[in-house]
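First the structure, in the form of C-alpha cells, and then the observations on it.
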Amino acid sequence: MNVVVVESPAKAKTINKYLGAGYKVLASFGHIRDLPAKDGSVLPDEDFAMTWDMDAASKKRLKDISDALEGADSLILATDPDREGEAISWHVLEVLAKKKALKDKTVQRVVFNAITKKSILEAMDNPRDIDVPLVDAYLARRALDYLVGFNLSPVLWRKLPGARSAGRVQSVALRLICDREDEIDRFVSEEYWQIAAQLKTPRGEEFTARLTAHDGEKIQKMSIGNGDRAATIKAMLEGAAFTAESVEAKPTRRNPQPPFTTSTLQQAASSRLGFNASRTMQVAQKLYEGIDIGGETVGLITYMRTDGVQMAGEAIDAARAEIGTRFGERYLPEKARIYTSKAKNAQEAHEAIRPTGFERAPDEVRRYLDADQLKLYDLIWKRAIASQMQSAEIERTTVEILARNGSASANLRATGSVIRFDGFIAAYTDAKEDGEQADDGDDDGRLPLINADEDLDRQKIDASQHFTEPPPRYSEASLIRKMEELGIGRPSTYASTLATLRDRDYVTADKRKLIPEPKGRLVTAFLENFFDRYVEFDFTADLEEKLDKISNGDLAWKDVLRDFWTDFNAHITETKDLRVSEVLDALNEHLAPLVFPKREDGSDPRICPTCGEGKLSLKLGKYGAFVGCSNYPDCNYTRQLSADGDGNGDAALANEPQDLGKDPHTEEPITLRTGRFGPYVQRGEGKEAKRASLPKGWAPQSIDHEKAMALLSLPRDIGQHPESGKMISAGIGRYGPFVLHDGVYANLESVEDVFSVGLNRAVTLIAEKQAKGPGRGRGTPTALKSLGDHPDGGAITVRDGRYGPYVNWGKINATLPKDTVPADVTMEQALELIAAKAGAKGTKKKAPAKKKAPAKKTAAKKTATKKTAAKKTAAKD
Numbered sequence: 001m002n003v004v005v006v007e008s009p010a011k012a013k014t015i016n017k018y019l020g021a022g023y024k025v026l027a028s029f030g031h032i033r034d035l036p037a038k039d040g041s042v043l044p045d046e047d048f049a050m051t052w053d054m055d056a057a058s059k060k061r062l063k064d065i066s067d068a069l070e071g072a073d074s075l076i077l078a079t080d081p082d083r084e085g086e087a088i089s090w091h092v093l094e095v096l097a098k099k100k101a102l103k104d105k106t107v108q109r110v111v112f113n114a115i116t117k118k119s120i121l122e123a124m125d126n127p128r129d130i131d132v133p134l135v136d137a138y139l140a141r142r143a144l145d146y147l148v149g150f151n152l153s154p155v156l157w158r159k160l161p162g163a164r165s166a167g168r169v170q171s172v173a174l175r176l177i178c179d180r181e182d183e184i185d186r187f188v189s190e191e192y193w194q195i196a197a198q199l200k201t202p203r204g205e206e207f208t209a210r211l212t213a214h215d216g217e218k219i220q221k222m223s224i225g226n227g228d229r230a231a232t233i234k235a236m237l238e239g240a241a242f243t244a245e246s247v248e249a250k251p252t253r254r255n256p257q258p259p260f261t262t263s264t265l266q267q268a269a270s271s272r273l274g275f276n277a278s279r280t281m282q283v284a285q286k287l288y289e290g291i292d293i294g295g296e297t298v299g300l301i302t303y304m305r306t307d308g309v310q311m312a313g314e315a316i317d318a319a320r321a322e323i324g325t326r327f328g329e330r331y332l333p334e335k336a337r338i339y340t341s342k343a344k345n346a347q348e349a350h351e352a353i354r355p356t357g358f359e360r361a362p363d364e365v366r367r368y369l370d371a372d373q374l375k376l377y378d379l380i381w382k383r384a385i386a387s388q389m390q391s392a393e394i395e396r397t398t399v400e401i402l403a404r405n406g407s408a409s410a411n412l413r414a415t416g417s418v419i420r421f422d423g424f425i426a427a428y429t430d431a432k433e434d435g436e437q438a439d440d441g442d443d444d445g446r447l448p449l450i451n452a453d454e455d456l457d458r459q460k461i462d463a464s465q466h467f468t469e470p471p472p473r474y475s476e477a478s479l480i481r482k483m484e485e486l487g488i489g490r491p492s493t494y495a496s497t498l499a500t501l502r503d504r505d506y507v508t509a510d511k512r513k514l515i516p517e518p519k520g521r522l523v524t525a526f527l528e529n530f531f532d533r534y535v536e537f538d539f540t541a542d543l544e545e546k547l548d549k550i551s552n553g554d555l556a557w558k559d560v561l562r563d564f565w566t567d568f569n570a571h572i573t574e575t576k577d578l579r580v581s582e583v584l585d586a587l588n589e590h591l592a593p594l595v596f597p598k599r600e601d602g603s604d605p606r607i608c609p610t611c612g613e614g615k616l617s618l619k620l621g622k623y624g625a626f627v628g629c630s631n632y633p634d635c636n637y638t639r640q641l642s643a644d645g646d647g648n649g650d651a652a653l654a655n656e657p658q659d660l661g662k663d664p665h666t667e668e669p670i671t672l673r674t675g676r677f678g679p680y681v682q683r684g685e686g687k688e689a690k691r692a693s694l695p696k697g698w699a700p701q702s703i704d705h706e707k708a709m710a711l712l713s714l715p716r717d718i719g720q721h722p723e724s725g726k727m728i729s730a731g732i733g734r735y736g737p738f739v740l741h742d743g744v745y746a747n748l749e750s751v752e753d754v755f756s757v758g759l760n761r762a763v764t765l766i767a768e769k770q771a772k773g774p775g776r777g778r779g780t781p782t783a784l785k786s787l788g789d790h791p792d793g794g795a796i797t798v799r800d801g802r803y804g805p806y807v808n809w810g811k812i813n814a815t816l817p818k819d820t821v822p823a824d825v826t827m828e829q830a831l832e833l834i835a836a837k838a839g840a841k842g843t844k845k846k847a848p849a850k851k852k853a854p855a856k857k858t859a860a861k862k863t864a865t866k867k868t869a870a871k872k873t874a875a876k877d
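full-length UniProt numbering applies: residue 1 is where the sequence shown begins, and numbers increase by one.
Shown next as C-alpha cells:
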C-alpha cells in the first residue's frame, strides 16, 4: 500500500480512481501549519527560528495520514507543482517525522501539471526529492511577510488610528493606486482641436482624412490649442482642392500571443469577462481539479498558477492536430511555435495554462459547465489553440493627401487596413482593452479604392474641440499588469493582495476601476513619509529577485533575512520617538489636494469656514482621521475625510448645512450636513434636533427633501403582529436595515426595503429569525464550526449572531467579511480577524479563563501579563 498526499479532497477522489487499489490518497486541505498571529513566531535574535501552529482540523488530517502509514510501504507527496505546493509537502514531512510515523518508509515527491490519468501515471514514474531551495524561498517569503506585517502594523495603530495593517506587497500595490490618484488630483486639463475632412473618390465612395500639417508646420495632438486657429484652418480647407499625392499598401503580419500565464489570464478575464482576480482563480481551480463529464471527473485545464508561456510537446502536437481538423491546413504553420518565458524564477510550474485535451472544445463541454466555468474555459481553449495557428495577414493602406487654397496648403492622411487572411484571429480575437497587452495593429476601417494623383471631392470639414483627460484609474487587470512589469509580488499572490486591500477598506471598485479610500491614502502617505524605502518599487522588486535566487539555490535564505532585518528593525525603532504632531504635519502637506481642496472664491482652503480664524488640520480620532479646527473647543467645526462622487478626489461635503426645505408638519428646516462620522440629515436646530445618518450607498449629492423626510421618519411602524399584537417596526441600525418585533431583529436585504416592506413579509422574516435560535442578548448562539484552540489558549468557533456570522474567541467577536461562507472559514483567517479586532480596540484581549494556578505563581502571571500588554497583535499581509 502506498499513501499519497494531495491538497484538495476533490483531487484525492479522482486521483485514487486513476491509481487503483494499491494506493490510498488523502488530502491535506491546503496548508497544515502557519505562523501564529502573535509575537515571537519568527525570532530574528535566534537565527530566525520559526514557530509553526496547527489547528485542530489539520491535526486530525495529519493523524489520518499517520494512521494510514502504519501499514504502508511508502509516502508519496503529490501537492501542487509550485512553491506553495512544495512547502505543503515539506510541512507534512516535518510533522510526520516528529511523530515518528515514517520509520523505514520510502518518501517521494511527485508533481503533475494536470489532473488526467496520463499526467498522474507519468508523475508516479518520475519521483524526486523535496526541492530544498524552493522550500527555503517559501520560508524566507513567509518570514519577511510576517516581520513586516507584525512590526509595521502596530506602528500604524499607534501613530495613525483607524489604519488596519501594512504589508510587504500589499502596501506597494496600494501605493500604485494612490500615486495614480495623486496624478489625477494634480492633472490640469488642456484644450485642443482636431480637424478632419470627409472626402469622396471619383467613384463616389466616401472616406475620412485627418490633418497632419498646415503651411509646412507638422500638426500634432496639441498643436491647435484654440477655436480661433481651428476656425482659420477649417476656412482654408473649405475652399481648398484635394489631391491624392501617394497611396501605399503595405502588407503586415500579426502574430498570436502565447497561451495564458496566471497574470495574463487574470488580465484577460477582467477585460473580457468582468471577473475580478479572485473570481478568476476560483473558477480556474474548479476547472483544474475536475468537472464531472459523463460520469467521469476530468480536469479540463492544466495548473493555473504558472509564469510559463510554453505548452508541453504533446500538447502542441494535439493543438496542431485540432487546428488541421477544425480550421484546415491553411491555418497550420509549417513548424510549431516556440514561446520564451519571461519569468525570473525557473523553479515555478513551467507549462502555460492550457486545456488538458484540445478535442474537448467549449461547445462540446457546454452542458457540463456553469456559466462562469464555460466563459473561462472558452477563453483558455481559444487562446491556447490560437497560439499555434498561422499569423494573420493584414494589408495596411496609407493615403497622403495635399490640399491647396491659393498660397496656403495643408496635408492630410487617411489610413485603413484589410485582413487578407485571418489566421489565428479565426479562433481568438485580439483584446485591446485596459490591462491586456494587445498585438500591433490598428482599428482603422477599410478604405475605398484610391489612386495616386487623382482629385478628391470635398464633402465636409469638421473641427472638433477636445480636452485632455487625466490618466485612468487602475483596473484590477491593469494593476496586475503594472505589478508584473515592476516585478512586485508574484502572479499567484495578486488575487489575495487585491482582496486584502478591499477587505481593509483601503480601496473600493467602481465600474471596475480601483479608487483609494481616504484611509488607504493616509496609510500610503504615512509610509511614504516615514518608511519610504519599504514602499519603493525598486526595493520591493529587488527583494523579489533575491527570493528567486534563493529558489535557484544561488542565495542562502537566512542571509537575505539578516540583511533585511538589520535596516528594517532600526527604522521601526526610530519611530518610537515619532510624535503624532509630526505625522499630522507631514500628512497635511502630502495630502493637501484631498484634505484642503481649493475653494471657488479663491480663499485660503485651510482657514476655518465657521470661525474664520482657526486653521484646519487633520485630526486623529478613535475612528480614524478627520478635519478639524485649531480653535477647538471654542470652534467645533469638523469635516469627514472622504472622496466625493464626481471622481475628482476632492474632499466632499463640508460642514456648511445645505437647505433641503422644511418639514410640512413642524415647519422646521431640514438640512444636509456632514460631521466627524459622515454625512447626515437634520431637522431643526440645537440639541433637540432630529438627526439621521445617510445609509451606506446613499451619496450626499442624491439626497433631496423626500429622501431626507423618509430617513428622519425612521423607525417606521409596519403594523401589529397577528399573534402578539405588538408593533413591528423597520429601521436602519449599526449593522444595516432591519425589522424589529418584541426584541427580535431580522435583517432586510436593502435600505430601500425599510421603506417598502409590508406586514406579511415582516412577520415571515421575524419567524425565520426566531427559528434560527437566540441571538445576542438572548443566549449564546450555537457554534456553526469549531476551529480548534487559540495559540494563547481557549477555543475558537464560528457562530451565527443577530447581525450575521462571526468568529468568537473568549470575549472577542470578529464579524466575518461580506460573502464569506462560515463553513469555509479556516483557522488562519480566524486568527487574522481576531488579531485585527483586538488591534482595533487598542488592547490585547486576555485569553478565556484557564484553571487557576497555585497561589505562589500568581505574581509571576501578573508580571507576564504586564510585560505583554503593550504589544498589539498585528494583522498579516
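Where a beta carbon is used, it is the ideal one built from N, C-alpha and C, also for glycine.
Confirm, please, whether the CB-CB distance from L514 to R473 is below 8 Å. Yes; because the gap between Cβ atoms is below 8 Å, this pair is in contact.
Closest Cα partner of V155 within the set T573, R180 and K772: Among T573, R180 and K772, the Cα nearest to that of V155 belongs to T573.
Does F530 come out as helix, strand or coil in the three-state DSSP assignment? Note: F530 maps to helix in three-state DSSP.
Length of the line joining the Cα atoms of L618 and Y637: Cα-Cα distance, rounded: 12 Å.
With distances taken Cα to Cα, identify the nearest neighbour of D182 among L620, D548, G793 and P471. Checking every option, the nearest Cα to that of D182 belongs to P471.
Since T671 and Q682 should fall inside the 8 Å C-beta cutoff, what is the C-beta to C-beta distance between them, to a whole number of angstroms? Yes, T671 and Q682 are in contact; Cβ-Cβ is about 5 Å, under 8 Å.
Bridge partners of A244, per DSSP? In the DSSP output, where bridge partners are listed per residue, A244 has I401.
Keeping to the same chain, check which residues put their C-beta closer than 7 Å to that of I450; ignore five residues upstream and five downstream. Excluding positions up to five away in sequence, the list reads T201, A244, V247 and V399.
May I have a chain-ordered list of the beta strand (DSSP E) segments no shorter than 3 residues that lie completely inside the stretch 570-637? As far as the stretch 570-637 is concerned, its whole beta strand (DSSP E) runs of at least 3 residues are 616-621 and 624-629.
Given a cut-off of 8 Å on the beta-carbon distance, is the pair L134 and R210 in contact? Not a contact, by the Cβ cut-off of 8 Å.
Identify, in the order they occur along the chain, each residue of the same chain with its Cβ nearer than 6 Å to the Cβ of G30, setting aside the five sequence neighbours on each side. These residues qualify, in order along the chain: E7.
Below 8 Å, how does it come out for the stretch 557-573 and the stretch 37-48: are there three or more Cβ pairs, yes or no? They touch, by the three-pair rule.
How would you call G779, buried or exposed, if buried means at least 16 neighbouring beta carbons within 10 angstroms? Only weak support is given to the placement of G779: the predicted model assigns it a pLDDT of 48, under 50, and the value that follows is read from those uncertain coordinates. Of the residues assessed, G779 falls on the exposed side of the cut-off, its CB having fewer than 16 other CB atoms within 10 angstroms.
Nearest residue (CA-CA) to P679, options G661, D717, Q640 and P664: Residue Q640 is the option with its Cα nearest to P679.
Is it buried or exposed for A114, if we count other Cβ within 10 angstroms and need 16 for buried? A114 sits buried, since 16 or more C-beta atoms from the chains shown fall within 10 Å of its C-beta.
With three or more C-beta pairs closer than 8 Å as the rule, is the stretch 521-531 touching the stretch 579-599? The count of Cβ pairs closer than 8 Å, one atom from the stretch 579-599 and one from the stretch 521-531, reaches three, so the stretches are in contact.
What residue range does the beta strand (DSSP E) around K24 cover? Looking at the DSSP string, the run of the beta strand (DSSP E) that includes K24 is Y23 to A27.
Using 10 angstroms around the beta-carbon of N760, count the other beta-carbons present and answer buried if the total reaches 16, otherwise exposed. So N760 counts as exposed.
Please confirm whether I195 and I461 have their CB atoms less than 8 Å apart. Taking 8 Å as the cut-off, the Cβ atoms of I195 and I461 count as close.
Near N813, which residues of its chain fall below 6 Å by C-beta distance, leaving aside the five closest residues on each side in sequence? Closer than 6 Å at Cβ, skipping near neighbours: Y806.
Rounded to whole angstroms, what is the Cα-Cα separation between G204 and P448? Cα to Cα, the separation comes out at about 10 Å.
Between which two residues does the alpha helix (DSSP H) containing R158 stretch? Segment V132 to K159, the alpha helix (DSSP H) holding R158.
So for D67, helix, strand or coil by DSSP? Annotated three-state conformation of D67 is helix, per DSSP.
Around the C-beta of M124, are 16 or more other C-beta atoms found within 10 angstroms, so that it is buried, or is it exposed? By the neighbour-count rule (16 or more Cβ atoms within 10 Å), M124 is buried.
Does DSSP classify Y339 as helix, strand or coil? When secondary structure is reduced to three states using DSSP, Y339 falls in the coil class, being assigned neither helix nor strand.
CA-CA distance, G733 and V825? Straight-line Cα distance between these residues: approximately 26 Å.
Leaving out the 5 sequence neighbours to the left and right, which residues in its chain are closer than 7 Å to T843 when beta-carbon positions are compared? Interpretation of T843 is limited by its pLDDT of 43, a score under 50 that renders its predicted location unreliable; no figure is taken from the coordinates.
Just the Cα atoms here: how many angstroms apart are Y368 and F275? Taking the straight line from one Cα to the other gives about 21 Å.
CB of A87 within 8 Å of CB of V4, strictly: Against a cut-off of 8 Å, the Cβ pair of V4 and A87 comes out as no contact.
For P491, I'd like the list of residues in its chain whose CB is within less than 6 Å of its CB, leaving aside the five on either flank, ordered along the chain. Within the same chain, Cβ atoms closer than 6 Å to the Cβ of P491 are found at T262 and S263, the five residues on either side in sequence being excluded.
With a cut-off of 8 Å on the beta carbons, I'd call L35 and W52 a contact; round off their distance for me. The pair is a contact, with the Cβ atoms about 7 Å apart (cut-off 8 Å).
Per-residue DSSP class, three states only, for Q829: Looking at Q829 - three-state DSSP - the assignment turns out to be helix.
In this structure, does DSSP put R734 in helix, strand or coil? DSSP, read as helix, strand or coil, puts R734 in coil.
Could you check the C-alpha separation between S66 and L102 for me, to the nearest Å? The alpha-carbon atoms of S66 and L102 are separated by roughly 8 Å.
Buried/exposed call for L300, threshold 16 Cβ in 10 Å: Answer is buried; the Cβ neighbour count reaches 16.
Distance check for V627 and D634, CA to CA, integer angstroms please. Those two C-alpha atoms are separated by around 16 Å.
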